[in-house]
Structure formats: C-alpha cells, structure tokens
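According to this note's numbering, the sequence shown is numbered sequentially starting from 56.
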Amino acid sequence: LERDRKRKQSEKIEEKCQVGMKPPVPGGYTLQGKWITTFCNQVQLDTIKINGCLKGKLIYLLGDSTLRQWIYYLPKVVKTLKFFDLHETGIFKKHLLLDAERHTQIQWKKHNYPFVTFQLYSLIDHDYIPREIDRLSGDKNTAIVITFGQHFRPFPIDVFIRRAIGVRKAIERLFLRSPTTKVIIKTENIREMHIDTERLGDFHGYIQYLIMKDIFKDLNVGIIDAWDMTIAYDTNTIHPPDHVIGNQINMFLNYIC
C-alpha cells in the first residue's frame with residue numbers, strides 16, 4: 056500500500072500544472088529560494104521562456120497592492136515590457152504594461168470598497184471585480200488574476216463572503232461565454248504581526264483564506280496559495296520581497312502556458 060501511494064504521488068507530480076487542480080495543504084515547500092509544488096510538475100521559467108509564454112497574451116490583474124507588486128516586478132525580468140502612461144495619478148492608479156512587438160498587454164487595477172489606505176486615490180473608473188470581469192470578452196489568450204482580502208480584514212466576515220460569491224458568479228458567467236479564458240485566484244498572504252493586530256491580524260486573514268478556498272474549490276481556476284507560500288518563506292510582511300513575488304509569477308505562468 057505504501058509503495059502504491061508513493062507511485063501515485065510520483066504520477067501526480069509528473070503532471071503539468073494546470074487550472075482546475077486542487078492544491079493540498081501544504082501545497083509546496085521552499086528549496087534554495089525556489090517554490091517547489093507538491094501536486095504538479097512546475098517548471099522554473101527563464102527570461103526566454105517567459106517571453107514566449109507572454110506572447111500574444113492579455114493579462115488582467117484585479118486586486119490589491121500585493122498583486123500590484125507583480126506589475127512592478129515583471130519589467131525587471133522582461134525588459135521589453137514598458138509602462139504606458141494612462142494620465143492617471145497616485146500609486147493606486149491603473150497600471151498598464153505593453154510589449155507592442157510581442158502583442159502583450161498586462162494591466163493592474165485595484166478592487167473597489169472596502170479599500171483601506173491613507174493614500175489619496177481617484178474614484179474615476181473605480182469598479183468592483185465582478186463588474187470588471189463582466190466587461191471582458193475573454194479567449195484562450197486572456198488570463199485574469201484575482202486577489203482580495205487584506206482590505207476586508209477590519210470588517211464583518213459577511214462582507215468578504217458576499218464579495219467572494221459575487222466574484223465566483225462573475226467567473227461562472229465568463230466561462231459560459233468564453234470557457235478557454237484562464238482564471239487564477241491568488242489567496243491573500245500573511246502580514247506583520249505587530250501592526251494593528253486586532254483589526255488587521257492574520258487571525259482574520261486565515262478565516263478569509265479558508266472561505267476563499269471553499270468558495271472557489273469546484274471552479275476550473277488555478278490557485279496560487281500565497282498564504283502557504285509566505286508562511287514557507289517566513290516573510291511576515293504585507294508586501295513580500297521580490298524573490299517571493301517571482302515565484303508567485305512563475306506559478307502563474309505555469310498555469311497559463
């Protein structure tokens with residue numbers, strides 16, 4: 056029985072990472088700075104492979120500043136990706152990366168209320184994630200990454216649940232009109248243990264993390280378990296360092312390419 060169990064585990068690891076897989080807990084571990092998944096064969100992509108993967112892709116990042124880190128990180132690796140000025144202001148403005156030669160577009164846009172910050176931001180073009188999803192036609196070269204949670208921690212849990220259900224319904228509508236669109240859910244990550252713990256601590260985040268996994272568990276989406284990953288890296292900061300962001304993006308690219 057033990058040999059059979061190990062053989063089945065080995066067979067699973069040989070399978071390419073793809074949307075619809077259900078990551079176990081833990082879903083991976085760190086080795087020499089790399090995130091190694093335990094449920095699929097994850098390839099470490101270099102710059103050439105990343106360029107090939109992103110060619111012709113339309114990528115929409117919908118969420119908070121932990122996802123905005125992705126759009127700041129990518130131009131460091133893919134030098135042909137350049138920011139396009141949309142004439143907006145502030146750090147929470149919509150960010151757009153373009154590579155005209157490879158026909159690649161990557162966009163980050165913040166989610167709507169609740170959005171807790173001391174920074175000023177514009178309310179123009181400010182919509183909820185379900186509405187943003189409903190505006191996308193989608194196709195096999197379109198990928199959407201969604202994350203939310205950090206800004207919901209100070210509020211009653213039913214606010215988070217209603218939003219998660221709304222996002223799920225929007226994804227279901229998207230799959231009806233475009234079943235080949237790739238959708239990736241990035242869970243929230245752990246954060247500092249000494250900053251406003253009563254309102255913003257990981258106690259609230261862990262409950263939301265479990266709810267998020269439960270609500271999206273039977274959809275054909277990819278899961279990037281940022282909670283599991285940041286625990287393994289022992290980051291304890293709301294904005295993980297670049298090597299963690301790079302491994303999150305590598306997992307994303309494994310899902311869509």
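Ideal placement from N, C-alpha and C gives every residue a C-beta, glycine not left out.
Could you give the first and the last residue of the continuous alpha helix (DSSP H) run that contains residue i?
| i | result |
| --- | --- |
| residue 132 | 120–132 |
| residue 107 | 102–109 |
| residue 260 | 257–270 |
| residue 216 | 212–232 |
| residue 176 | Counting along the chain, residue 176 falls outside any alpha helix (DSSP H), and DSSP gives it neither H nor E. |
| residue 310 | 297–311 |
Given a cut-off of 7 Å, decide if residue j and residue i are closer than it, judged by their beta-carbon atoms.
| i | j | result |
| --- | --- | --- |
| residue 259 | residue 208 | yes |
| residue 222 | residue 184 | yes |
| residue 242 | residue 280 | yes |
| residue 275 | residue 75 | yes |
| residue 85 | residue 288 | yes |
| residue 78 | residue 245 | no |
| residue 93 | residue 132 | no |
| residue 238 | residue 199 | yes |
| residue 203 | residue 169 | no |
| residue 153 | residue 139 | yes |
| residue 197 | residue 236 | yes |
| residue 253 | residue 292 | no |
Nearest-angstrom Cα distance between residue i and residue j?
| i | j | result |
| --- | --- | --- |
| residue 304 | residue 125 | 7 Å |
| residue 249 | residue 91 | 29 Å |
| residue 97 | residue 176 | 38 Å |
| residue 130 | residue 107 | 15 Å |
| residue 112 | residue 201 | 17 Å |
| residue 149 | residue 162 | 7 Å |
| residue 165 | residue 290 | 23 Å |
| residue 234 | residue 216 | 25 Å |
| residue 178 | residue 240 | 25 Å |
| residue 182 | residue 306 | 27 Å |
| residue 72 | residue 310 | 6 Å |
| residue 110 | residue 264 | 32 Å |
Taking residue i as part of the beta strand (DSSP E), name the residues at either end of that continuous run.
| i | result |
| --- | --- |
| residue 151 | 150–154 |
| residue 239 | 237–241 |
For residue i, which option in the options has the closest C-alpha, if you only look at C-alpha atoms?
| i | options | result |
| --- | --- | --- |
| residue 187 | 137, 115, 267 | 115 |
| residue 229 | 205, 191, 256, 254 | 191 |
| residue 251 | 95, 104, 171, 231 | 171 |
| residue 137 | 127, 104, 273, 212 | 127 |
| residue 156 | 134, 167, 141 | 134 |
For the stretch 289–305 against the stretch 224–232, are there 3 or more C-beta pairs whose distance is under 8 Å? no
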